[in-house]
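Peer 1:
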Amino acid sequence: MENKPLGYIVEDYEDSANVFSWALEMAGYEVEIAADGAVAQKRLTEIVPDLIILDLHMPNVPGDVLLQQIRSDKRLSKTRVFLATADANMAAQLRDKAELVLLKPISLIQLKDLAERFRPDNQG
Amino acid sequence: MDEMPEGMWARIRKVLSPPVFPGDEEKTRVAGMLNITLWIVLLMVVAFMIPAFIIAPDLQRILVGFVLVLVAVGMQVLMRRGHVRLAAIALSSVLFVVISIGTYLSGGFRGSNLSAYFGIVLIAGLLLGNWTALAFGLASVAFAGWLVYTDAQGLLPPAPATATPITFWGEFSAVLVGMIGLLALVMTNLQRAYERAKRKESEMSFKLVESQQLAIWAQEASEFKSRLLARVSHELRTPLGAIVGMAEMLQMDAYGPLTDKQEELLERITVNSKYLETAFSELLEQSRIDKDVLNMQAASFSPARVLERVIPDLRKLAEQKGLEFAIQIAPDLPERLWGVSISVEQILIHLIRNAIKFTEAGSVSVDLCKVDGKRWAMRVADTGIGIPREHQVSIFEPFRQVDESTARNYGGVGLGLSIVKRLTAALGGVVRVESEPGQGSTFTVTLPYVKPTIEPGSLVEKG
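As given, the protein sequences belong to chains A and B, one line each in that order.
Per the numbering used here, the first sequence starts with residue 329, numbered consecutively.
Per the numbering used here, the second sequence starts with residue 25, numbered consecutively.
#1: Rank B/V457, B/L471, B/P472 by C-alpha distance to the C-alpha of B/S465 and give the top, closest one.
#2: Where are the alpha helix (DSSP H) runs, 4 residues long or more, that stay fully inside the region 346-411 of chain A, in chain order?
#3: Starting from the beta carbon of A/V409, find every residue of chain B whose beta carbon is closer than 8 Å, and list them in chain order.
#4: In angstroms, rounded to a whole number, what distance separates the CA positions of B/D356 and B/S324?
#5: Leaving aside the five residues before and after A/G391 along the sequence, list all residues of the same chain whose C-beta is less than 6 Å from its C-beta, in chain order.
#6: Below 8 Å between beta carbons: does that hold for B/E460 and B/S442?
#7: What residues in the region 250-266 of chain B have a beta carbon less than 9 Å from any beta carbon of chain A?
#8: Would you tell me roughly how many angstroms separate the C-alpha atoms of B/V388 and B/W400, rounded to the nearest one?
#9: Spell out the partners DSSP gives B/Y299 in its beta bridges.
#10: List the residues of chain B that A/Y341 touches, going by C-beta distances under 9 Å, in chain order.
#11: Check for me: the alpha helix (DSSP H) holding B/S326 runs from which residue to which?
#12: Are the Cβ atoms of B/V93 and B/L66 separated by less than 8 Å?
#13: Between B/E225 and B/V233, what straight-line distance do the alpha-carbon atoms span, to the nearest angstrom?
#14: Measuring straight from C-alpha to C-alpha, what distance separates B/L275 and B/L341?
#15: Can you name, in chain order, every residue of its own chain whose Cβ lies under 7 Å from the Cβ of B/L16, other than the five neighbours on each side?
#16: Sorted by chain position, which residues of the same chain lie with C-beta nearer than 8 Å to B/M73's C-beta, five sequence neighbours on each side aside?
#17: Roughly how far, in whole angstroms, is the beta-carbon of A/L394 from the beta-carbon of A/A412, given that I think they are within contact range, below 8 Å?
#18: Quick check on the burial criterion: 16 or more other C-beta atoms within 10 angstroms. Buried or exposed for B/A34?
#19: Any idea which residues DSSP pairs B/F467 with across the strands?
#20: Counting C-beta neighbours from all protein chains within 10 Å, is the total for B/N296 16 or more, i.e. buried, or is it exposed?
#21: Could you tell me which residues DSSP puts in a beta bridge with B/Q352?
#22: Going by DSSP, name the residue or residues bridged to A/T413.
#23: In chain order, what residues of the same chain have a beta carbon less than 6 Å from the beta carbon of B/N59, not counting five sequence neighbours either side?
#24: Closer than 9 Å by beta-carbon distance: list the chain A residues that pair up with B/G397, in chain order.
#25: Name the chain A residues whose beta carbon is nearer than 9 Å to that of B/M402?
#26: Considering just the uninterrupted stretch of the beta strand (DSSP E) at A/Y336, what are its terminal residues?
#27: Out of curiosity, what's the CA-to-CA distance linking B/L119 and B/M68?
#28: Counting only Cβ pairs nearer than 7 Å, list the residues of chain A close to B/E272.
#29: According to DSSP, which residues form a beta bridge with B/G363?
#30: What residue range does the alpha helix (DSSP H) around B/V65 cover?
#31: Decide if B/L137 is buried, meaning its Cβ has at least 16 other Cβ atoms within 10 Å, or exposed.
#32: List the residues of chain A that B/E301 touches, going by C-beta distances under 8 Å, in chain order.
#33: According to DSSP, is B/R399 part of a helix, a strand, or is it coil?
#34: What does a CB cutoff of less than 8 Å around B/G462 pick up in its chain, not counting 5 residues either side in sequence?
#35: Hey, out of B/L146, B/R53, B/A303, whose CA is closest to B/M211's CA?
#36: What residue range does the alpha helix (DSSP H) around B/K445 cover?
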């Protein structure tokens, strides 16, 4: 079996998480979902995803804190992060810390295209 | 009495009562007192001069009576024409002259003359304030001094036989009455000045407290509004994202082929979701401008890069409608400009989206160019429905579109251009529209080009 890149979705709103997951699957990713910041924090010490879709408003550990930790973790230095948020204010503040900032509502097709473009085997 | 015409009393009362000057309390007050003084003078002339004239007519009395009547009537006229101060000064002066002549002719200075001068000082003080009273007081002292000196030289005309002989108590009581009157005058004026100052102070402190409170309320209301908008729009966007995503999933036939009707309904779901999305974006952005975009720091940025960021999505939108889409950057536009690049980006997005929204056929073109040594401009032109002249100002107001049906037909909540206007103003620029209904519109945003002087701590955009 071929080695699929790993996409990790951190999003507490289940329907949104599902839509993100379809998009990543269509883009050829293996997908795992976390609905809680604290769960994601723990899980990220075990796995090294190629792409993380990170919601900013989350229970327990908020997205921006998680982003800070991801960015300071050497293990995850090659991991790409898309921020998904409905808060344009936070999006503007964190613009530099993530590969992309996506303002909700996010189009499934758009996310699929972007995830494809950012696949590790697709980088020129 | 019954035959007296209706309104006769009213007319008499009107003649007797002082003029009122609306909005000028002080003038009205002086006019009130001057009016009483003038009528008293007239009454005195009538009550004393006429009988005295009948009993023992002499030229001096006729002259004095005539002058006083003339003064009383003349000053009334002057006062009723609005020259209240002038009338008061003239009255005091005439009385001063008349009494001075009388004193001179009565054969010497005495206490009763002194109290007449006190009377003038009193009238002048009540009508015109302490300084005028002081001036008349000094004039009286000067005249009295001259009179006493002349008397000592024996140069005064002899006193008439009817003059009252001088007694100590008569002199003393006359002086006492005058002194008490003067003291009362000074006290009254001081009291009035104190009350006026106090009233002004309390009015001012009340106004200050009131304006501070209003400022606090306005601030709180504005912050609450921003938070509410951000919150509402956030809570609505998240589920909307799920709706859009799921509809797209079905449209891609991910769960089997769709019938035509299903396709059509899904299309409507997508269109309506897009409408909601645009509305939320505008609301959210408005709240963001209120909050902090206006405080953002200017930095050096590349206009070409701003265009690169915003154009792809918008070009797609234009192509979907079959519109021609052209972009041009004038070669003489500097490669780097100074300003808040996010604001510039937002202005462009709103103007271009607007142009595409209201254009059914033809083209949308975007030009960036240099205006002069100090300014550059972004110009977005379309061949759309255009804007009637009478709406060309109001379209920049929040929640305004040309008419209600515009919102339904074209989407958006009518905040786009108001956002453009506010961002442009925050950047120190102006936005202008030229439009001909049916021909199209051209929006021009002119922004100052400030030479980038690198200050410590200033932001310079990467790349």
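The beta carbon of each residue, even a glycine, is placed where N, CA and C say it ideally should be.
Peer 2: Answer, in terms of the structure:
#1: B/V457
#2: 365-371, 391-400
#3: Chain B residues near A/V409: none, gap ~18 Å exceeds 8 Å.
#4: 17 Å
#5: L382, D383, L384
#6: no
#7: A254, S257, H258, E259, L260, R261, T262, P263, L264, G265, A266
#8: 20 Å
#9: None; B/Y299 has no bridge partner.
#10: T262, P263, G265, A266
#11: Premise fails: B/S326 is in no alpha helix (DSSP H) and is neither H nor E.
#12: yes
#13: 12 Å
#14: First, the residue type needs correcting, since residue 275 of chain B is Gln and not Leu in the sequence shown. If you take the alpha carbons of B/Q275 and B/L341, they lie about 19 Å apart.
#15: This structure cannot speak to residue 16 of chain B, because chain B is shown only from 25 to 487.
#16: R85, V88, G89, L92
#17: Between A/A412 and A/L394 the Cβ distance is about 13 Å, and since that is not below 8 Å, they are no contact.
#18: exposed
#19: B/V404, B/V457
#20: exposed
#21: B/D391
#22: A/L431
#23: P42
#24: Neighbours of B/G397 on chain A: none; closest Cβ ~32 Å, over 9 Å.
#25: Within 9 Å Cβ-Cβ: nothing; B/M402 doesn't reach chain A, min ~21 Å.
#26: 334-338
#27: 13 Å
#28: S435, L436, I437
#29: B/A323
#30: 49-68
#31: The sequence given here places Asn at residue 137 of chain B; Leu does not occur at that position. So B/N137 counts as buried.
#32: P433
#33: strand
#34: I409, G410
#35: B/L146
#36: 440-450
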